Amino acid sequence: MAKAHKKDNIVKKELPEQKDNTEELEKTDALDDFLFQATNYVYKKRKLFITLAVAIALIVVSGYGISWYIEYQENIRTEKLYRIEAIVQNNGINNDEKFEQALPMINVFLDDYAGSKQAEIALFYRSSLNYHQKQYDKAGSDLREVLTVLEKPSDFHVIASVYLSNILRDQGKVDEAVTVLNAAKSDIMTDLIMLELAETYISSDQKDAAKQTLNAIVMDYPNSLYANRAKQLLAGL
């Protein structure tokens with residue numbers, strides 16, 4: 001995941017431990033910002049698809065009672081998920097509080113609505129909660145479960161793959177991270193996958209592979225949101 005930009009205009013000596021903590025905080029903040037914006041975008045789009053599905057059910061079933069029940073159940077799931085999201089995305093509480101408040105709600109939600117589209121989002125949020133508790137195995141397990149049920153290619157599949165690759169990279173499992181990213185390649189969000197691959201290569205000092213990947217982003221995706229970031233990384237190699 002692309003790290004947040006450092007403020008070069010501030011000259012300040014930091015102890016190695018302080019510097020590591022600052023960089024870790026910046027990485028976590030950037031990851032969260034991307035995660036929440038991306039999942040919100042995809043979820044809003046999915047909500048439209050769900051609405052269309054309900055409308056189709058109305059026509060096919062042609063029974064007001066049955067079709068109303070379908071829509072009613074959908075709305076209940078959506079409302080409960082929004083309550084979970086309100087906690088997970090609440091910047092007014094810390095990660096421990098989010099974990100304590102949201103995790104029980106997510107577990108109940110997954111028991112009640114296993115297999116639903118909203119359950120995929122709930123698993124994603126549980127993974128995030130576990131990640132911030134440094135429970136990396138649990139976080140990765142939830143994401144792998146999400147990936148097994150998601151359609152490929154899709155925006156959400158890419159997002160889940162990117163997030164899983166970051167968890168693996170944080171544990172030093174570079175080869176696994178690369179495998180996950182390569183498996184996510186398609187014609188959707190290819191520039192993002194390539195940037196993540198480049199940063200994974202950089203983290204393991206594979207400079208040649210990183211340069212090749214970054215140059216491909218600059219050449220093949222000049223208008224990409226990640227083109228400038230690719231140029232910055234190239235300049236540092």
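Heads up: the sequence shown begins at 1 in our numbering, then just goes up one per residue. Think of the CB as a built atom: it goes at the ideal place given N, C-alpha and C, for glycine as much as any other residue. Predicted model only: the values in this text are computed from it and were never measured.
Exposed unless 16 or more other CB atoms sit within 10 angstroms - verdict on residue 83: exposed
Assign residue 139 to one of three DSSP states: helix, strand, or coil. DSSP places residue 139 in helix when its eight states are reduced to three.
For residue 222, which three-state DSSP category applies? coil
Roughly how many angstroms lie between the CA atoms of residue 212 and residue 218, to the nearest whole one? 10 Å
Does the distance from the CB of residue 171 to the CB of residue 136 come in under 8 Å? yes
Of the listed residues 92, 175 and 227, nearest to residue 194 (C-alpha basis): 227
Helix, strand or coil at residue 205 [DSSP, three-state]: Reduced to three states, the DSSP call for residue 205 is coil.
Have a look at residue 156 and residue 121 and give me their C-alpha separation to the nearest angstrom. 9 Å
Looking at C-alpha atoms only, which residue of 231, 152, 103 and 163 is the closest neighbour of residue 81? Minimum Cα distance to residue 81 is reached at 103.
Starting from the C-beta of residue 150, find all residues in its chain whose C-beta is less than 6 Å away, skip the five residues before and the five after it, and write them out in chain order. 156 and 157
On the premise that residue 77 lies in contact with residue 128, defined as a C-beta separation below 8 Å, what is that separation, rounded to the nearest angstrom? 19 Å between Cβ atoms; not a contact.
Where do the ends of the alpha helix (DSSP H) carrying residue 167 lie? 155-170
Around the Cβ of residue 97, are there at least 16 other Cβ atoms within 10 angstroms (buried) or fewer (exposed)? Exposed, because fewer than 16 other Cβ atoms sit within 10 Å of the Cβ of residue 97.
Return the CA-CA distance between residue 177 and residue 166, expressed in angstroms with no decimal places. 7 Å
Between residue 237 and residue 75, what straight-line distance do the alpha-carbon atoms span, to the nearest angstrom? 50 Å
Leaving out five residues on either side along the sequence, give the residues of the same chain with a beta carbon under 8 Å from the beta carbon of residue 190. 221
When the Cα of residue 204 is compared with those of 142, 223 and 169, which residue comes out closest? Shortest Cα-Cα distance from residue 204 to any of 142, 223 and 169 involves 169.
What is the DSSP secondary structure of residue 113, reduced to helix, strand or coil? When DSSP states are grouped into helix, strand and coil, residue 113 belongs to the coil group.
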